[in-house]
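To convert a position in the sequence shown, counted from 1, into our numbering, add 1. Below is one structure, written out as structure tokens; the observations come after it.
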Amino acid sequence: MSIFDFIKVMPKVEMHVHLEGSIEPETLLQLAQRNSVELPATTVEGLRDWYTFTDFSHFVEIYIAISSCICSGKDIEHVAKEFLRGQAAQNIRYSEVTFTPYTHYSLNTQIPFSEQIAALGRARRWADEELDVGVGWVLDFARNIPPVEHAETVAGWAVDGIDDGVVGFGVGGLEAGYPPELFERAFAIAREAGLASQPHAGEIAGPESIWGAIDVLKATRIGHGVRCLEDPQLVEVLRERQIPLDVSPTSNVCLGVAPSFAEHPLPRLIEAGLFVTLNSDDPPMFNTTLTEEYLKAATYFRLDRMAIEELVLNGVKASVLPEDNKKKMLRSFRSQFKMIE
């Protein structure tokens, strides 16, 4: 079996993917029609063309439009189920999925958090029962949305959502001008309740953002982190502590963090002994999937089957699943790898 055929059927996990950024044009059109929201296109083909990445401002425009089409808990549940159905189709057995609740509370839809988390909980239980697929929710906030104190509100929501599958707390949005130090209290609230600290850092901003995520936010895992290579001392700390980096190559290329896929630093991160996982970030918005990320890694970096398997297993190890569940999944994945010939 070729490495490409192996990648398509192998079991996978995904540690860095945004629920709102996973919405396919077909689903968005359904939501827009249901909620009488006007979009730049009225057909799936037109929306797919609109989705095509051009620059960051266009990306933000799409993200806001998507969020404006989500008007109820019913919509959130629908989006989550469609996403999890797509994960199952790729044989992604478990995902830790970022969701930004304040957006849906502060926009004109103003969906109460209790309604949002109940919808996510229903989708999670449905996926477990109907698809045998697991999910943990990572609630995040956009660091550039005022007031800064809204981060603490979201941290409180994350704590309230633990029984409905919330496993982590994160921060996204514009890094420049919004350092991790601004959000120390919010992350402390989440950590004290046992939630994992999973901030975005070192994507658009440089190593100083990653240092802040580690020292101030006590990051257990870092979203992106690819610019760590600019600071040898930081690389040494990340290697020593084995803090996972959730790397999303196509996203990095689209956002200008790397000039092309072939020039992406993924091989150098691996060669430096860093703990790397592979992810899709906002798949339809970057015209990719997790499977495509693995296929590209094999194509551009000549990663062999052993290296691909190691990246998959890294994802399991980087998850916040209970240790017994991790060990069970690792055994299952290794067994399945051997059976795929």
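For every residue, glycine included, the Cβ atom is placed at its ideal position computed from N, Cα and C.
Discussion item. Please tell me whether P275 and R240 are closer than 7 Å, where the distance is taken between their beta carbons.
Written reply: Correcting the residue identity first, residue 275 is Leu in this sequence and not Pro. Going by C-beta atoms, L275 is nearer than 7 Å to R240.
Fill in: Distance between beta carbons of V227 and P266, contact taken as under 8 Å
5 Å
Item to complete: Could you check the C-alpha separation between A202 and I244 for me, to the nearest Å?
Response: 13 Å
Practice prompt. Decide yes or no for the touch test of the segment 148-165 against the segment 4-18: beta carbon pairs closer than 8 Å, at least 3 of them.
Written response: no
Worksheet entry | Ranges of the alpha helix (DSSP H) found wholly within the segment 140-171, counting only runs of at least 4 | 151-161
Item to complete: Could you tell me the boundaries of the alpha helix (DSSP H) in which M286 lies?
Response: Run containing M286: none; DSSP gives neither H nor E here.
Discussion item. So, with DSSP's three-state summary, where would you put D247?
Written reply: strand
Discussion item. Quick check on I65: does DSSP put it in helix, strand or coil?
Written reply: helix
Worksheet item: Hey, which unbroken runs of the alpha helix (DSSP H) at 4 residues or more fall wholly within the segment 212-265?
Response: 233-242 and 250-255
Worksheet item: Can you list, in chain order, the residues of its chain whose CB lies under 6 Å from that of L322, leaving out five sequence neighbours each side?
Response: none
Worksheet item: Skipping 5 residues on each side, what residues in its chain have a beta carbon closer than 7 Å to that of H105?
Response: S68, I71, I112 and Q117
Item to complete: Name the residue from M307, G74, D305 and T300 whose alpha carbon lies nearest to the alpha carbon of N36.
Response: G74
Discussion item. Please state the DSSP three-state secondary structure of S320.
Written reply: coil
Worksheet entry | Nonlocal neighbours in the same chain, by C-beta distance under 8 Å from K327, ignoring five residues either side | V317, K318 and S320
Worksheet entry | For A66 and P180, the rounded distance between their alpha carbons | 27 Å
Practice prompt. Tell me, please, which residues DSSP counts as bridged to I93.
Written response: K13
Discussion item. Need the endpoints of the beta strand (DSSP E) that T278 sits in, please.
Written reply: V277 to L279
Worksheet entry | Sub-7 Å separation of E78 and A120 beta-carbons | yes
Worksheet item: So what does DSSP say about A81, is it helix, strand or coil?
Response: helix
Practice prompt. Measure from the alpha carbon of E25 to the alpha carbon of each residue in E39, M2, W51 and F5, then state which is nearest.
Written response: W51
Fill in: Own chain residues within Cβ distance below 8 Å of G213, not counting five before or after
P180, P181, E182 and A202
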